[in-house]
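Asker:
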Amino acid sequence: MEAVRQLRLLFRNETGLGGNNGLTNFKTLYGYALADSGTKLALYTLSAVGLVAVFLLCRFIVVSKAGRVLCAVRDEESRSRFAGYNPTSYKLFVYVLSAVICGFAGALYVPQVGIINPSEFQPSNSIEMAIWVAVGGRGSLLGGVLGAFIVNGAKSWFTVALPEAWLYILGVLFIAVTLFFPGGVSSLLIRKKAAV
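Its first residue numbered 25, the sequence shown is counted upward by one per residue in this note's numbering.
1) Under the three-state reduction of DSSP, which class applies to L65: helix, strand or coil?
2) CA-CA distance, K179 and I125?
3) Relative to the C-alpha of A129, which residue among V159, F79, K115 is closest?
4) Got a sec, what are the start and stop residues for the alpha helix (DSSP H) F128 sits in?
5) Measure the CB-CB distance between W190 and F182 and report whether it falls below 8 Å.
6) Could you please give me the residues that DSSP links to A57 through a beta bridge?
7) By how many angstroms is the C-alpha of V196 removed from the C-alpha of R98?
8) Restricting to Cα atoms, I'd like to know which of E26, Y109, Y133, F145 is closest to Y258.
9) Using beta-carbon positions only, say whether V175 and E152 come within less than 8 Å of one another.
10) Measure from the alpha carbon of A24 to the alpha carbon of each residue in E144, F173, Q146, then state which is nearest.
11) Under 8 Å by Cβ, that's how I've got V118 and S104 pegged, so tell me the actual separation to the nearest angstrom.
12) Using the Cβ count rule (16 or more neighbours within 10 Å means buried), how would you classify V169?
13) Considering just the uninterrupted stretch of the alpha helix (DSSP H) at S88, what are its terminal residues?
14) State the Cα-Cα distance for the pair A77 and I85, rounded to the nearest angstrom.
15) For S211 and G161, which I take to be in contact (beta-carbon distance under 8 Å), what is that distance rounded to the nearest angstrom?
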């Protein structure tokens with residue numbers, strides 16, 4: 025009940041959060057006009073550098089001892105607990121790290137789009153991220169990045185060409201990848217590399 029009351033508070037206009045419209049009308053960032061091409065280029069460059077930095081950080085964690093323990097917790101939590109590791113602390117670490125990465129991404133997203141509203145928190149956005157990983161390839165860091173580029177590129181094209189069909193195309197894409205390419209696009213790249 026408390027969560028419903030807090031959610032209603034977000035939608036009220038007198039809270040200063042814009043209600044259903046969210047926070048809008050972002051025009052400057054530290055005195056620089058967001059519409060200026062130099063500011064756009066700087067934000068794009070910061071986004072690209074941030075993507076590479078976050079990828080390298082996650083790669084470092086995956087190949088470290090903590091990453092191996094996280095894989096053990098994912099695969100067999102009770103066995104890792106029996107081996108003397110505390111799965112709760114490792115899960116908490118990954119949860120907090122993912123929250124920090126999401127906050128960084130949101131801080132880069134809002135100035136580039138110019139608006140943030142409650143619809144950004146709808147479940148379909150989380151489902152879309154799961155589709156990014158399925159298309160790109162589960163079990164690899166590169167898969168999530170590839171999937172995000174592929175799905176969002178298709179979304180940009182189809183929402184202009186066939187806007188009413190985009191959700192159907194997204195569903196068919198998810199089903200096709202799940203049935204025919206369970207390893208995603210990254211597994212196809214790995215197979216191709218191994219064949220050469």
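Yeah, the Cβ is synthetic: ideal placement off N, Cα and C, and Gly gets one too.
Answerer: Taking the structure as given:
1) L65: helix per DSSP, three-state reduction.
2) 23 Å
3) F79
4) For F128, the uninterrupted alpha helix (DSSP H) segment begins and ends at 111–137.
5) yes
6) Answer by DSSP bridge pairing, in chain order: T52.
7) Their backbone Cα atoms lie some 28 Å apart in a straight line.
8) What is shown of the chain runs 25 to 220, which leaves residue 258 out entirely.
9) yes
10) Given a span of 25 to 220 for the chain in the structure shown, any question on residue 24 remains unanswerable.
11) Here V118 is actually not in contact with S104; their C-beta atoms are around 14 Å apart, not less than 8 Å.
12) buried
13) Segment: none, S88 is in no alpha helix (DSSP H) and carries neither H nor E.
14) 12 Å
15) 5 Å
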